[in-house]
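> Take a look at this one; I'll ask things after.
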Amino acid sequence: MFVGRERELALLQQAADGAKSAFVPIYGRRRVGKTELIRRFLAEHSGLYFVGKAAPAGLQLRDFMRAAARATGEPLLAELAVDGWERALDAVTDRWPGPGKLIIALDEFQWTAQASPELPSVLQALCDQRWKPSRKVLLILCGSYVGFMEREVLGNKSPLFGRRTGQIQMSPLGYRDAAELRPLVGRGPGARLFRFGRSPRRSLDRSRRVQVGPSALAGAGPGRAGAQTHAVPEPQKRDPEPAAFVRREPARARAPEHVTLHSLDDPYQ
Ligand SMILES: Nc1ncnc2c1ncn2[C@@H]1O[C@H](COP(=O)(O)OP(=O)(O)OP(=O)(O)O)[C@@H](O)[C@H]1O
Ligand SMILES: [Mg+2]
């Protein structure tokens, strides 16, 4: 089940529909939903999806050519020996039958670029010299390491600087969208939190009851300097799931009730 992300999908749709070639970097921290967004988009558009790996360049190129063969419907592409990314990318764009733009999505781009440090420059040259005049490519570069993406893709020292036509910095799903992923949370005040997006603090303070949520997807509340984090006690027996909220209290002394913060547990924060 896919929820939300209407704004991000609309931006990608615009890039696909536009008259010119487009380049959209997607970045954001781990498990925020970058890959899911790309997959959702590609479920309704033909394109080439490739995931970078911590593997030598030759292996990645072979994988890429297999993905190219699937995307273009030309099985022979999988066997084509290419000596680098420029040849590989040219091969697939040359054979793109259309209609519409060829969407090339390179996920986990940091791994591919690590094995092939020339790749950002190759993409720059292709953007400028081939894809700009041909107007038929939408390039999506996606990476989990925000620092890497800012430096190597978005930053002014990157060969790709100034080429992007849009960008998507993924934020965690809002409470309402996250709630859609848990339609069975149906009892008690905590359930109202997910149904109607009420403040977790108010719901929990009133009820002392723990409900579960898609913790990695929803934004956690702010932490506090010197704060200690510990899980809220186990949910009552009839709740089958583990707790996804944490309670934060000052490390020192006994915390008066009003300084306790509740937030969604977020292991990737
Ligand atoms: N919009 C969404 N609707 C439903 N499920 C989602 C959505 N976004 C993400 N998920 C789910 O959340 C989990 C993490 O998403 P995803 O793998 O896309 O994150 P990511 O940002 O690519 O993570 P990583 O940086 O580790 O690659 C997956 O199980 C995915 O199915
Ligand atoms: Mg991913």
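Sequential numbering from 11 applies to the sequence shown in the numbering used here. In this text, a Cβ means the ideal position worked out from N, Cα and C, and glycines have one as well. None of the values given here were measured: they were computed from a predicted structure.
(1) Which of the three DSSP states, helix, strand or coil, is assigned to Tyr185?
(2) Is any non-hydrogen atom of ligand 1 found closer than 6 Å to the C-beta of Val61, if you look at the structure I gave you?
(3) Let me know if Pro210 comes out buried or exposed under the rule of 16 or more other beta-carbons within 10 Å of its beta-carbon.
(4) Are there 16 or more other CB atoms within 10 angstroms of the CB of Arg173, so buried, or fewer, so exposed?
(5) Answer with buried or exposed for Trp106, where buried requires no fewer than 16 other C-beta atoms within 10 angstroms of its C-beta.
(6) According to DSSP, simplified to helix, strand and coil, what is Pro66?
(7) Can you name the start and end residues of the beta strand (DSSP E) that Asp117 belongs to?
(8) Is the Cβ-Cβ distance between Glu118 and Val156 less than 7 Å?
(9) Ignore the nearest five residues each way along the sequence and tell me which others in Val147's own chain have a CB closer than 7 Å to its CB.
(10) Could you check if Thr122 belongs to the surroundings of ligand 1, using beta carbon to heavy atom distance under 6 Å?
(11) Hey, Phe12 and Arg50: beta-carbon distance below 7 Å or not?
(12) Under DSSP, the alpha helix (DSSP H) around Phe51 begins and ends at which residues?
(13) Would Val92 pass as a contact of Leu71 if the rule is Cβ separation under 7 Å?
(14) Using only the alpha-carbon positions, how far apart do Leu19 and Glu190 sit?
(15) Does Ala228 pass the burial test, meaning 16 or more other C-beta atoms within 10 Å, or should it be called exposed?
(16) Skipping 5 residues on each side, what residues in its chain have a beta carbon closer than 8 Å to that of Pro66?
(17) Quick one, are the C-beta atoms of Leu151 and Val163 less than 7 Å apart?
(18) For ligand 1, I want to know if Val13 counts as a neighbour, meaning its beta carbon is within less than 6 Å of at least one of the ligand's heavy atoms.
(19) Starting from Phe158, trace the alpha helix (DSSP H) both ways and give me its first and last residue.
(20) Comparing the CB of Lys30 with every heavy atom of ligand 1, is any distance shorter than 6 Å?
(21) Report yes if the CB atom of Val132 is closer than 7 Å to the CB atom of Glu160, and no otherwise.
(22) For ligand 1, any of its heavy atoms closer than 6 Å to the Cβ of Gly43?
(23) Which class does Gln177 belong to by DSSP, given the choice of helix, strand or coil?
(24) Do you know offhand how far Ser154's Cα is from Trp121's?
(25) Using 6 Å as the cut-off, classify the Cβ of Arg280 as near or not near the heavy atoms of ligand 1, replying yes or no.
(26) Cβ of Arg17 within 6 Å of any heavy atom in ligand 1?
Let me lay it out:
(1) Position 175 of the sequence shown, counting from 1, holds the residue named residue 185. Residue state, collapsed to three classes: helix.
(2) One-based indexing of the sequence shown puts residue 61 at position 51. Here the distance from the Cβ of Val61 to the nearest heavy atom of ligand 1 is not below 6 Å.
(3) As a working mapping, residue 210 is identified with position 200 in the sequence shown. Unreliable positioning characterises Pro210 in this predicted model, as indicated by a pLDDT of 47, which lies under 50. The coordinate reading is nonetheless provided below. So Pro210 counts as buried.
(4) Within the sequence shown, numbered from 1, the residue matching residue 173 stands at position 163. With 16 or more other Cβ atoms within 10 Å, it is buried.
(5) Along the sequence shown, one-based indexing puts residue 106 at 96. With at least 16 other beta carbons inside 10 angstroms of its own, Trp106 counts as buried.
(6) For the purposes of this step, residue 66 is identified with residue 56 of the sequence shown, where counting begins at 1. Correct three-state label for Pro66: coil.
(7) Position 107 of the sequence shown, counted from the first residue, corresponds to residue 117. 112-117 is the extent of the beta strand (DSSP E) around Asp117.
(8) Here the question's residue 118 lines up with position 108 in the sequence shown. Here the question's residue 156 lines up with position 146 in the sequence shown. No. Outside cutoff.
(9) The count along the sequence shown starts at 1 and reaches residue 147 at position 137. Here the set comprises Ser31, Thr103, Lys111, Leu112, Ile114, Trp141.
(10) For the purposes of this step, residue 122 is identified with residue 112 of the sequence shown, where counting begins at 1. For Thr122, the distance from the CB to the nearest heavy atom of ligand 1 is not below 6 Å.
(11) As a position in the sequence shown, residue 12 is number 2, starting the count at 1. As a position in the sequence shown, residue 50 is number 40, starting the count at 1. Contact: yes.
(12) Position 41 of the sequence shown, counted from the start, is the residue given in the question as residue 51. Per DSSP, Phe51 belongs to the alpha helix (DSSP H) from 44-53.
(13) The sequence position of residue 92 within the sequence shown is 82, counting from 1. The sequence position of residue 71 within the sequence shown is 61, counting from 1. Contact: yes.
(14) By 1-based counting over the sequence shown, the position of residue 19 is 9. By 1-based counting over the sequence shown, the position of residue 190 is 180. Linking Leu19 to Glu190 through their CA atoms gives a straight-line distance of about 18 Å.
(15) Your numbering for residue 228 matches position 218 in the sequence shown. Summary for Ala228: the model assigns pLDDT 44, below 50, so the residue's position carries little reliability; its value from the coordinates is reported in the next sentence. A residue is called buried once 16 or more other Cβ atoms fall within 10 Å of its Cβ, and Ala228 is buried on that count.
(16) Working through the sequence shown from its first residue, we reach residue 66 at position 56. Counting only Cβ-Cβ distances below 8 Å, and skipping sequence neighbours, we find Ala125.
(17) Counted from its first residue, the sequence shown places residue 151 at position 141. Counted from its first residue, the sequence shown places residue 163 at position 153. In this structure, Val163 lies closer than 7 Å to Leu151 by Cβ.
(18) For this step, residue 13 is matched to residue 3 along the sequence shown. Answer for Val13: yes, Cβ within range of ligand 1.
(19) Indexing the sequence shown from 1 puts residue 158 at position 148. If you look at Phe158, you'll find it in the alpha helix (DSSP H) that goes 156-159.
(20) On the sequence shown, residue 30 is found 20 positions in, with the first residue counted as 1. Distances taken from the Cβ of Lys30 to the heavy atoms of ligand 1 include none shorter than 6 Å.
(21) Here residue 132 corresponds to residue number 122 of the sequence shown, with the count starting at 1. Here residue 160 corresponds to residue number 150 of the sequence shown, with the count starting at 1. Contact flag unset, no.
(22) Position 33 of the sequence shown holds residue 43. Within the cutoff, so yes.
(23) Mapped onto the sequence shown, residue 177 falls at position 167. It is coil, neither helix nor strand.
(24) Walking along the sequence shown from the start, residue 154 turns up at place 144. Walking along the sequence shown from the start, residue 121 turns up at place 111. Between Ser154 and Trp121, the C-alpha separation is close to 10 Å.
(25) This structure leaves residue 280 out entirely; the chain is present only between 11 and 279.
(26) Translated into the one-based positions of the sequence shown, residue 17 becomes position 7. The closest heavy atom of ligand 1 lies 6 Å or more from the beta carbon of Arg17.
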